[in-house]
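Enquirer: Mind looking over this structure? Questions follow.
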Amino acid sequence: MTKKEFTKELSKRSGWPYTKCLLCVNYMIEIAQDAIIKGNGLKLPGLGSWSVYVKGGFARANKDTGKPEYVPPTCFVRFRASKFIKEKLQRISLPVSKGKIVIGGNK
């Protein structure tokens, strides 16, 4: 689902105008980004949580030259789905087409 599709669905379910829903979605994204970037993480019950992790730096040998180089520490975001979503996903029977799992009709 894209941001546009999400906003349309929010407008449909709430009865609010699309522009008002778009503003709400944009604010929600902005607030979530700020919380994650500050390192506080974000927890939305029923959806999941986002946490910031730091992978430590390390030394290695360059594959081409063989010279030692240092890879600096990097931050990354990890999403963990809520228990509710995990349980719902376990109950879904997945259709198989040509040996591949098909979700939502996409092949």
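Going by the working numbering, the sequence shown opens with residue 45, and the numbers climb by one from there. Built from N, CA and C at the ideal position, the CB exists for glycine as well. Please read all numbers here as calculations on a predicted model, not as lab measurements.
#1: Just verifying my parser: in three-state terms, what is the DSSP assignment at residue 82?
#2: Between the stretch 63 to 82 and the stretch 105 to 112, do three or more beta carbon pairs fall short of 8 Å?
#3: Please name the residue in 67, 90, 45, 59 whose C-alpha comes closest to that of residue 129.
#4: On the premise that residue 123 lies in contact with residue 94, defined as a C-beta separation below 8 Å, what is that separation, rounded to the nearest angstrom?
#5: Start and end of the beta strand (DSSP E) containing residue 111?
#6: Give me the DSSP bridge partner(s) of residue 118.
#7: For residue 118, which residues in the same chain have their Cβ closer than 6 Å to its Cβ, ignoring the five residues on either side in sequence?
Expert: This is what the structure gives:
#1: Within the sequence shown, numbered from 1, the residue matching residue 82 stands at position 38. Coil at residue 82, not helix or strand.
#2: Three or more beta-carbon pairs separated by less than 8 Å are not found between the stretch 63 to 82 and the stretch 105 to 112, which leaves the two stretches without contact.
#3: In the sequence shown, residue 129 corresponds to position 85, counting from 1. Taking only the C-alpha atoms, the option nearest residue 129 is 90.
#4: The count along the sequence shown starts at 1 and reaches residue 94 at position 50. The count along the sequence shown starts at 1 and reaches residue 123 at position 79. About 5 Å separates the two Cβ atoms, so the contact holds.
#5: As a working note, residue 111 is residue 67 in the sequence shown. Counting along the chain, residue 111 falls outside any beta strand (DSSP E), and DSSP gives it neither H nor E.
#6: Here residue 118 refers to the residue found at position 74 when the sequence shown is read from its first residue. Partner(s): 99.
#7: Counting from 1 along the sequence shown, the entry for residue 118 is found at position 74. For residue 118, where only same-chain residues beyond five positions count, the Cβ hits under 6 Å are 99.
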